[in-house]
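*Asks:* Each residue of the sequence shown is one higher than the one before, starting from 1 at the first, in my numbering.
All C-beta atoms, glycine included, are put in the ideal place defined by N, C-alpha and C.
It should be emphasised that the depicted structure is a prediction, and the values quoted were computed from it without experimental measurement.
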Amino acid sequence: MARDPYAFYRRLRHEAPLHYDESAGAYLLTRHAAVSTAYRHPAFTTRNYEWQLEPVFGRSLLQLDGTEHARKRALVSPHFRGAGLSAWTGTIHRNVAEILDGSVERVVDLLLEPIRPGEEFDILERFAHLLPVFVIADMLALPKSDYRRFWDWYTAMIAFLSNLARDPRVHDRGVAAARELREYLAPIVAQRRDNPGTDLISALATAEVDGHTLDDEEIKTHVTQLLNAGSETTDKTFGSLFGHLLTERDRYEEVAADRDLVIPAISETLRLTPPSQMNGRVLAESVELEGGTIPAESTVFLVIASANRDESRFAGAETYDFHRTDLSHADAFTARGEHFAFGFGRHFCLGAMLARSELQIGLDAILDRFPDLRLAEGFTPRHQGLKMRAPAEMRVVV
Ligand code: HEM
Numbered sequence: 001m002a003r004d005p006y007a008f009y010r011r012l013r014h015e016a017p018l019h020y021d022e023s024a025g026a027y028l029l030t031r032h033a034a035v036s037t038a039y040r041h042p043a044f045t046t047r048n049y050e051w052q053l054e055p056v057f058g059r060s061l062l063q064l065d066g067t068e069h070a071r072k073r074a075l076v077s078p079h080f081r082g083a084g085l086s087a088w089t090g091t092i093h094r095n096v097a098e099i100l101d102g103s104v105e106r107v108v109d110l111l112l113e114p115i116r117p118g119e120e121f122d123i124l125e126r127f128a129h130l131l132p133v134f135v136i137a138d139m140l141a142l143p144k145s146d147y148r149r150f151w152d153w154y155t156a157m158i159a160f161l162s163n164l165a166r167d168p169r170v171h172d173r174g175v176a177a178a179r180e181l182r183e184y185l186a187p188i189v190a191q192r193r194d195n196p197g198t199d200l201i202s203a204l205a206t207a208e209v210d211g212h213t214l215d216d217e218e219i220k221t222h223v224t225q226l227l228n229a230g231s232e233t234t235d236k237t238f239g240s241l242f243g244h245l246l247t248e249r250d251r252y253e254e255v256a257a258d259r260d261l262v263i264p265a266i267s268e269t270l271r272l273t274p275p276s277q278m279n280g281r282v283l284a285e286s287v288e289l290e291g292g293t294i295p296a297e298s299t300v301f302l303v304i305a306s307a308n309r310d311e312s313r314f315a316g317a318e319t320y321d322f323h324r325t326d327l328s329h330a331d332a333f334t335a336r337g338e339h340f341a342f343g344f345g346r347h348f349c350l351g352a353m354l355a356r357s358e359l360q361i362g363l364d365a366i367l368d369r370f371p372d373l374r375l376a377e378g379f380t381p382r383h384q385g386l387k388m389r390a391p392a393e394m395r396v397v398v
């Protein structure tokens, strides 16, 4: 299953669309219509995040409900859409250029060299792992020289989130990383309260909605969530995107020649190979779905990776096709529920439009600079992971 979860999900869609998985101790929902219903159904709560996230994030947006969720989301959402988001476009362009020019060593101790023609390298290590974390660090005005610590912290915390087998070592590392990040943030939050700047931490420290403000612990929770949610998912989407475009290289040429295909190439990547492959929920009461009864208190996984490949929703659903007409590429980054890479319903991804900008600006720059980009001789991308999934490495030549 780890080698090809999609084959397992295909079987479930056809033979057991409501399946109790012994090893996960949870039900799996695999069809588009059922996943769509579950995301919006009031009985499907996000209480799973009490064990899946709270020990590392604190009580984050994902766990909240009702007016508390709406109020706290409203404090950050203006920075992730419309004019608030446009303000960060220059930041994304600058970071893309610094990483690709190799001029980034002036701000981080990475000693990146400029990429030279004929060179073979891992484009994930050299680009995709860096861009999302640099952008979010700039948005929060955190020093990029601390990049390695952010990387260590968020990989430990994402491993915690993906720890479905509840391995105690993964658990302990995640909890330790969260504690270190909160200790790191404490003086920064205090300083921004006294002396606010134009960054997101200052905005959170001074924001007010309906007379409510955020205390220091809540700000640290928001920052922890943004650093995590904004980094690994976008990074992994780049990995799958390069994989789709370079394994059949005509696709890379086609997108390079027609930049209107950049967004369709990204949204089709998110549909076919979503980085976050499933979201958990806990049932507040029993629910009838897919011809069966799911008892109250059950854990249910809404399998995004399967619903996005449901043949009753998408023609040629298991094929990568950025010309498909049954997916509105404009709506794929909004809460309209075309596919579920960003979830659906009230917890729909806050950062979907930021991710769209990073992926679009990043891919455009790569296409401009490296018209001859191709996979290294003999290299085949291998996807890894069940909860989060993407190629682990992408060796290329320019
Ligand atoms: C391609 C990149 C991304 C993907 C695939 C993705 C995926 C998701 C998914 C599936 C959810 C829903 C989780 C659930 O319902 O249980 C979610 C929620 C969320 N995402 Fe993203 N995400 C991405 C990028 C980002 C970025 C860049 C940020 C911010 C910097 C971000 C911040 C959030 C937040 C704060 C939530 C929780 C929203 C709420 O509970 O109201 N994400 N994301």
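Do R71 and H212 have their C-beta atoms closer together than 9 Å?
*Replies:* yes
*Asks:* At 4 residues or longer, and completely inside the region 279-349: list those alpha helix (DSSP H) runs for me, N to C.
*Replies:* 304-307
*Asks:* Could you tell me how far apart the beta carbons of T299 and G280 are, in whole angstroms, since I believe they sit closer than 8 Å?
*Replies:* 6 Å
*Asks:* What does a CB cutoff of less than 6 Å around P17 pick up in its chain, not counting 5 residues either side in sequence?
*Replies:* Contacts found: T30, R31 and E290.
*Asks:* Contact between the region 129-138 and the region 148-159: three or more CB pairs below 8 Å?
*Replies:* yes
*Asks:* Is H329 near ligand 1, going by C-beta to nearest heavy atom under 8 Å?
*Replies:* no
*Asks:* From what residue to what residue does the beta strand (DSSP E) around E120 run?
*Replies:* E120 to D122
*Asks:* On a CA-only basis, which of S267, A390 and A207 is nearest K236? Give me that one, please.
*Replies:* A390
*Asks:* Residues in its own chain within less than 7 Å of M353 by CB, not counting five upstream and five downstream?
*Replies:* F80, R81, L85 and F333
*Asks:* So is the beta-carbon of L29 under 8 Å away from any non-hydrogen atom of ligand 1?
*Replies:* Not one heavy atom of ligand 1 sits closer than 8 Å to the Cβ of L29.
*Asks:* For the candidate residues M1, R10, Y20 and D4, whose alpha-carbon lies nearest to that of T293?
*Replies:* Y20
*Asks:* Taking buried to mean at least 16 other C-beta atoms within 10 Å of its own C-beta, is R173 buried or exposed?
*Replies:* buried
*Asks:* Taking 8 Å as the cut-off, is the CB of N163 close to at least one heavy atom of ligand 1?
*Replies:* no
*Asks:* My guess is that T46 and L62 are in contact by the Cβ rule of under 8 Å, so how many angstroms apart are they, rounded?
*Replies:* 6 Å
*Asks:* With DSSP as the reference, label M394 as helix, strand or coil.
*Replies:* Coil at M394, not helix or strand.
*Asks:* For the candidate residues T233, Q225 and I219, whose alpha-carbon lies nearest to that of P187?
*Replies:* I219
*Asks:* Counting C-beta neighbours from all protein chains within 10 Å, is the total for G343 16 or more, i.e. buried, or is it exposed?
*Replies:* buried
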